[in-house]
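In this text, residue positions in the sequence shown follow this note's numbering: the first is 86, and each later residue adds one.
First the structure, in the form of structure tokens, and then the observations on it.
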Amino acid sequence: MYYVGIDLGGTNIAAGIVTQDYKIIAKDSVPTLPNRDPELIIKDMGALCDRLLAKANISYDEVISAGIATPGTANSETGYCEYANNLPFLHFPLADTLKKYTKFKAVRIENDANAAAWG
């Protein structure tokens, strides 16, 4: 079983797949292109996840959950990015939007600084 970690930045969206003992299996990134509809940004994030899993020959059924580190104010309970100063997110349903474009069973979000502190 695996986890997918996603770093949503103002310049790039980076993603990686890790095992349950945190061994990195695969990683990739795409440009964020932040000055556009947030739905399109997350659609690209979903395509990145599809490509990454295919590259590693891992199915969505083998992924326990995905986590998104996002700039700004992240509500980890609701999955909403309430505000981000470098992305066009204002009370945006980040977790549910990624689920719409992928087959992840669970998606959690956290502020990127908090996520970095946790490792």
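Yeah, the Cβ is synthetic: ideal placement off N, Cα and C, and Gly gets one too.
In this text the structure is predicted, and so the values were computed from the model without any measurement.
Residue i versus residue j: straight-line alpha-carbon distance, rounded
i, j, result
"Met-86", "Val-103", "9 Å"
"Ile-127", "His-176", "14 Å"
"Ala-201", "Ile-143", "25 Å"
"Ile-149", "Val-89", "8 Å"
"Gly-80", "Asp-146", "As displayed, the chain neither begins before 86 nor continues past 204, which places residue 80 out of reach and without an answer."
"Gly-95", "Thr-117", "6 Å"
"Ser-114", "Asp-135", "12 Å"
"Ile-110", "Ala-100", "11 Å"
"Thr-155", "Ala-169", "8 Å"
"Leu-133", "Ile-91", "10 Å"
"Cys-166", "Asp-197", "11 Å"
Residue i classed as buried or exposed, judged by whether at least 16 other C-beta atoms fall within 10 angstroms
i, result
"Ala-212", "Outside the shown range of the chain (86 to 204) lies residue 212, about which nothing can therefore be said."
"Leu-137", "buried"
"Ala-139", "exposed"
"Thr-187", "buried"
"Leu-93", "buried"
"Leu-125", "exposed"
C-beta contact flag for residue i and residue j at 8 Å
i, j, result
"Ala-159", "Glu-195", "yes"
"Asp-181", "Gly-164", "yes"
"Pro-119", "Asn-171", "yes"
"Ile-98", "Asp-129", "yes"
"Pro-123", "Phe-189", "no"
"Gly-131", "Leu-179", "no"
"Ser-161", "Arg-121", "no"
CB contact below 8 Å: residue i versus chain D
i, result
"Arg-193", "Chain labels in this structure do not include chain D; a single protein chain is all it has."
Length at least 4, wholly inside the segment 143 to 193: the alpha helix (DSSP H) runs in chain order: With a minimum length of 4 residues, the unbroken runs of alpha helix (DSSP H) contained wholly in the segment 143 to 193 fall at 179 to 186.
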